[in-house]
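The sequence shown begins at 430 in the working numbering and counts up one residue at a time.
Right, one structure below, let's go through it.
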Amino acid sequence: MLSIDAIDTRIGASTVHRGVSIEVGAGEVVAILGSNGAGKTSLLRAVMGLLPLHAGRIKLEDRDISEMPPHARNRLGLGYVPEGRRIFGPMTVRENLEIGAYGVDPSPAAMAASTQAMFHRFPILEEKASAAGSTLSGGQQQMLAIARALMSNPKLLLLDEPSLGLAPQMVLAVRDTIRMLQREQQLSVLLVEQNAGLALSVADRVYLMARGAIVDVGTPDRLADSPELRALYLGHAETEGEVVR
Ligand SMILES: Nc1ncnc2c1ncn2[C@@H]1O[C@H](COP(=O)(O)OP(=O)(O)O)[C@@H](O)[C@H]1O
Ligand SMILES: [Mg+2]
């Protein structure tokens with residue numbers, strides 16, 4: 430589905446990624462686990478076309494998208510849920526959802542059908558359809574951010590730290606949402622997280638990222654015992670893992 434092949438990126442004069450390669454198969458949930466500043470957000474921005482490549486290629490279903498602008502990548506099937514959710518606070522929940530479909534099919538009929546599908550999947554969003562985005566709880570805003578990205582009917586969802594700032598119960602709800610999307614829609618997901626518990630409990634495969642490079646990759650079962658993971662999450666993974674698993 431997605432193939433990131435030996436990419437380098439820079440921000441200003443400093444190198445952010447060095448030779449990063451990541452594969453996401455069709456219907457697969459892949460997580461990238463790394464601490465703050467590892468390069469997770471920048472990686473998703475590079476996949477979405479918001480950060481240019483200095484070297485390497487990115488392919489979506491065998492099509493080279495490395496030079497495409499973000500809206501073209503969106504139309505080809507990439508959905509993006511940014512870090513911090515980026516809900517438009519003064520706008521209603523319904524309007525926030527509609528924004529997600531503009532780039533793909535802004536016709537009223539398509540908009541109504543997609544909105545209805547999201548209300549069916551996330552009943553709380555229908556209850557709150559006319560409420561301002563800013564009135565939603567953190568967990569509800571995360572659901573809205575995911576639903577907004579789904580409005581363009583993506584094949585692959587890029588999810589940037591959906592657990593950030595959420596209560597443990599809401600992290601479980603995010604985990605269940607990812608599982609449901611994989612099971613019922615065969616959606617492919619590339620999730621980046623600091624929360625080891627969430628990443629290890631939901632992903633088919635996990636990459637470890639540190640200082641802009643991939644330092645390990647494997648199944649959650651194997652990585653749970655990885656010394657690299659311990660080094661990254663000393664005294665951290667156990668507690669968070671307990672909450673989520
Ligand atoms: N706008 C920016 N200007 C300068 N440096 C940046 C900018 N955004 C990110 N960086 C740097 O790039 C590296 C990776 O950041 P980021 O991708 O946000 O990491 P993560 O999401 O894993 O916390 C960090 O060293 C960070 O300081
Ligand atoms: Mg980040």
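For every residue, glycine included, the Cβ atom is placed at its ideal position computed from N, Cα and C.
Length of the line joining the Cα atoms of residue i and residue j
{"i": "K584", "j": "G508", "result": "8 Å"}
{"i": "A539", "j": "A530", "result": "8 Å"}
{"i": "E667", "j": "K488", "result": "The predicted position of E667 is uncertain, since its pLDDT is 43 and thus under 50; a value taken from the coordinates is nonetheless stated next. Cα to Cα, the separation comes out at about 36 Å."}
{"i": "S471", "j": "K557", "result": "32 Å"}
{"i": "R604", "j": "L595", "result": "12 Å"}
{"i": "G448", "j": "A561", "result": "43 Å"}
{"i": "I451", "j": "S581", "result": "24 Å"}
{"i": "L593", "j": "V445", "result": "22 Å"}
{"i": "G670", "j": "S630", "result": "For G670, the pLDDT reaches just 42, beneath the cut-off of 50, and the residue's location in the model is therefore unreliable, although a value from the coordinates is still provided. Whole-angstrom Cα-Cα distance: 8 Å."}
{"i": "Q571", "j": "L610", "result": "15 Å"}
{"i": "A632", "j": "R523", "result": "30 Å"}
{"i": "F517", "j": "N525", "result": "6 Å"}
{"i": "R515", "j": "L627", "result": "21 Å"}
{"i": "K469", "j": "I433", "result": "13 Å"}
{"i": "L554", "j": "Q615", "result": "22 Å"}
{"i": "G532", "j": "S543", "result": "13 Å"}
Residue from the options whose Cα sits closest to the Cα of residue i
{"i": "G568", "options": "M477, Q598, I451", "result": "Q598"}
{"i": "I528", "options": "T470, G647, A578", "result": "A578"}
{"i": "S389", "options": "G506, L431, R640, G513", "result": "Not covered by the structure: residue 389. The range shown for the chain is 430 to 674."}
{"i": "R608", "options": "V445, V459, A435", "result": "V459"}
{"i": "D534", "options": "D645, A501, V445, A628", "result": "A501"}
{"i": "M520", "options": "S559, A484, L505, P511", "result": "S559"}
{"i": "Q623", "options": "A435, V522, S464", "result": "S464"}
{"i": "N503", "options": "G485, L473, A467, R659", "result": "L473"}
{"i": "E490", "options": "I461, S655, A455", "result": "A455"}
{"i": "L680", "options": "V476, R486, A435", "result": "Here the chain comprises residues numbered 430 to 674, so residue 680 is not present and cannot be evaluated."}
{"i": "G466", "options": "E590, S655, R651", "result": "E590"}
{"i": "D650", "options": "L601, G485, A625", "result": "A625"}
{"i": "P511", "options": "L661, L588, M638, E555", "result": "L588"}
Those residues which DSSP pairs with residue i across a bridge
{"i": "R492", "result": "L489"}
{"i": "M638", "result": "I643"}
{"i": "T618", "result": "Checking the displayed sequence, the identity of residue 618 turns out to be Val instead of Thr. Answer is V458, L586."}
{"i": "Y509", "result": "L587"}
Supposed close pair residue i, residue j - CB separation, criterion 8 Å
{"i": "A576", "j": "M547", "result": "4 Å"}
{"i": "L403", "j": "L431", "result": "The structure shown does not extend to residue 403, since the chain is modelled only from 430 through 674, so no value can be given for it."}
{"i": "E496", "j": "S617", "result": "Not really, about 22 Å apart at Cβ, beyond 8 Å."}
{"i": "Q659", "j": "G647", "result": "Residue identity check: residue 659 is Arg in the sequence provided, not Gln. With 8 Å as the limit, R659 and G647 do not qualify as a contact, their Cβ atoms being about 14 Å apart."}
Would you call the stretch 436-455 and the stretch 477-487 in contact, with 3 or more CB pairs under 8 Å? yes
Would you list the residues whose beta-carbon is nearer than 5 Å to any heavy atom of ligand 4, in the order they occur in the chain? As for ligand 4, it is missing from this structure, which binds only ligand 1 and ligand 2.
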